[in-house]
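Notes for the one structure printed next.
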Amino acid sequence: MSDALLVTNPASKPASTVWTPLLDFASLLKPRVMSLVVFTGFVGLYLAPGEINPILEVIAVFCIAIGAGASGAINMWYDRDIDAIMSRTKTRPIPSGRVSGDAALTFGVLLAGGSVMVMGLAINWFAAGLLAFTIGFYVFVYTIWLKRRTPQNIVIGGAAGAFPPMIGWTVVTGTVSLESFALFAIIFIWTPPHFWALSLYKSDDYKAAGVPMMPLVYGRSETKKQILIYSIALGPLGLLPCFLGTLGT
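Right, dumping it as structure tokens:
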């Protein structure tokens, strides 16, 4: 068999070449962020009073995961210009040219719509509505409105990451309650110090991209102070589910 035939034969292509496009689209979903969302969503589902069919439970968690991933894909589409500047993000599929912006946007919108529709048809429309609101909040409020305008971007926009346990709760109960708001509050207060710590480490990246993270606007000392304040506040909030009886007896 000639070398030419070996080169042109599709079967001879490395496995990495075959899987690369799929892996690129998968990375648009921000798998590490998605895994955290799945965990917090499952916590809300598990702690909610009542029972749910295990199959529906899997479907609900899957919808939460896909909804979160869809938000990430749309976020990468919108932020493709600043992602190309920052060393932490310039190798992402869109700025590196491996996935087009239009393809990423279409991918994200289809997944967002699909996750909400399946959640509504298989679980309940209250949970689906809250999932849709969460996706919209992350895309329009955080990504498009706040991220490039204010150092409070992650404080307000971080609410999007705090909704999944509430969604999990509504999957079982069909409504929200004080207990579900307590779970929301824990993630809401945890989010800013987590991202501020990252912004301290990558402040040069954010400066180059023109993103007004707290260390750039208020300085490193004030940022560390805010991280401490939020971390202290997280302590009593973490005990709130115990006082509300969310964890059982």
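In terms of the numbering used here, the sequence shown opens at residue 10 and continues consecutively.
Here a beta-carbon is modelled for each residue, glycine too, at the ideal position from N, C-alpha and C.
Note that the structure is a prediction, hence the values are computed from the model and not measured.
Three-way DSSP call (helix, strand, coil) for residue i in this model
| i | result |
| --- | --- |
| LYS216 | helix |
| SER6 | Missing from the structure shown is residue 6; the chain here goes from 10 to 258 and no further. |
| ALA57 | coil |
| ILE91 | helix |
| THR255 | coil |
| PHE197 | helix |
| ASN62 | coil |
| PHE5 | For the chain, the structure presents residues 10 to 258; residue 5 sits outside this window and is missing. |
Cβ-based burial, residue i [other Cβ within 10 Å; buried from 16]
| i | result |
| --- | --- |
| ASN217 | The question names Asn, but residue 217 in the sequence shown is Ala. When all chains shown are included, ALA217 counts as exposed. |
| ILE241 | exposed |
| PRO104 | buried |
| PHE172 | buried |
| TRP28 | exposed |
| GLY244 | exposed |
| PRO160 | buried |
Whether residue i touches residue j by CB criterion (8 Å)
| i | j | result |
| --- | --- | --- |
| GLY177 | LEU253 | no |
| ILE132 | VAL180 | yes |
| VAL127 | ILE163 | no |
| GLY167 | THR143 | no |
| GLY121 | GLY76 | The amino acid at residue 121 is misidentified as Gly; the sequence shows Ala. Yes, these two residues count as a Cβ contact at 8 Å. |
| ALA169 | PHE193 | no |
| VAL70 | PRO174 | no |
| VAL125 | ILE83 | no |
| PRO102 | THR182 | no |
| PHE116 | PHE34 | yes |
Assumed close pair residue i, residue j - CB separation to whole angstroms, cut-off 8 Å
| i | j | result |
| --- | --- | --- |
| PHE135 | THR100 | Contact doesn't hold; Cβ gap of about 40 Å is too wide. |
| ILE198 | LEU246 | 6 Å |
| LEU209 | THR232 | 6 Å |
| SER96 | ASP214 | 6 Å |
| THR98 | ASP90 | Not a contact, Cβ separation roughly 11 Å. |
| GLY78 | LEU38 | 3 Å |
Below-8 Å beta-carbon distance, residue i vs any chain B residue
| i | result |
| --- | --- |
| TRP199 | The structure shown contains no chain B, having only a single protein chain. |
Review point. Between the segment 48-57 and the segment 104-118, do three or more beta carbon pairs fall short of 8 Å?
Key: no
Point to revise | Cβ contact (3+ pairs, closer than 8 Å) linking the segment 178-188 and the segment 218-236 | key: no
Review point. For the 8 Å Cβ check, are there 3 or more pairs between the segment 27-44 and the segment 138-156?
Key: no
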